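All the letters of the sequence shown, read from the start, carry residue numbers -31 to -1, 1 to 340 under mature numbering (1 follows the signal peptide of the UniProt record, and there is no 0).
Let me begin by presenting the structure, written as structure tokens, before commenting on it.
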Amino acid sequence: MPEARAGGPSRFPRLAMLPPPLLLLLPLALAGTPEVTVPRPRGVALSQLPFYDPSGPFRCLDGSGSVAFAWVNDDYCDCQDGSDEPEPPQDEAAAAETFAELDGDGDGRLTLEELRAHPELDGAEIEAELGPGGSADSGTFRERLWGLVRERRRLQDPPEPPQSPPEEEEEEEPEEEEEEDEEEEEGPEQVPPREGEEPPQEEPPLDEATQALIDAAQRARDDLAAAERELKEAEDGIRALELELGMDFGPEGEFSYLYNQCWELGTSEYLYRLCPFQRVTQRPKNGGAETSLGLWGSWAGPEGDKFGAQKYEGGTGCWQGPARATTVSLRCGALTALRAALEPSRCEYLLELETPAACREPPGHEEHDEL
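Structure below.
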């Protein structure tokens, strides 16, 4: 640092006029000056602080709507622009944590079966996003499903209202406590209102016309909810019927009775479950999550015997391997039952289903005239 020239003017002429004792106390005075801080939600810049006023609801910065201020920084992006979450990594962390929670088998993909296992989620909405038999990795979950899951769980578990600070209790003298005990024995004490506080007023009863309107509105809401449920059930039934009509149940439709039924087979370690034309699953006998071994794909019999085998594909992915798949071999039998379950190679399964539908009529014999 360059030195000041001797005899030059002082840069702080007013400090030069102070007595030496005061100059010694000046650093202590400056050190005691309190730092001024402005309280604000996490992640909010000072320039945006006026938009985050806790005295009222928070309005999304893009004008798309408003939410309760208690929902700011609650790990849910309620605004379309995410302005109610000034700390965006929290929302991403919440999405990753929820994905891991829903991924029952920990294979890094969510199937419809895993998502339907959570009653708070709407299976129809999830299937509409993924499609029949679809699945989602973590990226697809964040892009297409995280908003639905987050909203459903927020409705199931609304934020708790802020707790009011506890009121200070006034200390009472022992003589007053004895008097209160005597009054409690006589009957309930009527606590007088505090100074400056108005006594609570009972709401006047509604007149008959107003009450009738309220009852009619409630009945209309109940009727609307019932009609929406019936409409959803009808739409689900139509989709199921369209799917069934599009199935190939054999030359004479002989395999149609297998649809919407399931058969099980237990081995030493697993319980296998086959629902023809729908899915194949596997569950450990000692408890654990169900694993998808594939969803209905197509008939896969050899040439000349197309309906001798079925293929189920797109099951739960193996660890660092392909998705599980199953071939179901059909053979003629008097009863319908699963007879065998094998895993000939990694992630490939083979089931054997015995059913009368697989029986073929013997070839007819031409009649000959007796010579």
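Cβ coordinates follow ideal geometry from the N, Cα and C atoms, glycine included.
Values in this document were obtained by computation on a predicted structure and should not be read as measured data.
Minimum C-alpha distance to Ala294 - residue among Tyr281, Asp217, Tyr241, Ser52:
Tyr281
Does DSSP classify Glu54 as helix, strand or coil?
coil
Just tell me which of Gly100, Ala86, Ser107 has its CA closest to the CA of residue 341.
Absent from the structure is residue 341, since the part of the chain shown begins at -31 and ends at 340.
Leaving aside the five residues before and after Gly235 along the sequence, list all residues of the same chain whose C-beta is less than 8 Å from its C-beta, in chain order.
Tyr241, Lys254
Indicate the three-state DSSP secondary structure (helix, strand or coil) for Glu323 in the structure shown.
strand
If we count the other Cβ atoms within 10 Å of its Cβ and call it buried at 16 or more, is Glu204 buried or exposed?
exposed
Inter-residue Cα distance where the pair is Tyr228 and Ala37
49 Å
For Arg113 and Glu98, I'd like the C-alpha separation in whole angstroms.
7 Å
Should the segment 314 to 331 be regarded as contacting the segment 287 to 304, the criterion being three or more beta carbon pairs within less than 8 Å?
yes
Hey, how far is the Cα of Gly284 from the Cα of Glu197?
33 Å
Based on Cα-Cα distance, which residue from Pro10, Glu233, Arg252 lies nearest to Arg308?
Glu233
What are the partner residues of Cys301, as DSSP defines its beta bridges?
Thr324
Can you say whether Arg208 is buried or exposed, counting buried as having 16 or more other CB atoms within 10 angstroms of its CB?
exposed
Would Gly263 be called buried (16 or more neighbouring beta carbons within 10 Å of its own) or exposed?
buried
Where does Leu243 land, buried or exposed, given buried means 16+ other C-beta within 10 angstroms?
buried
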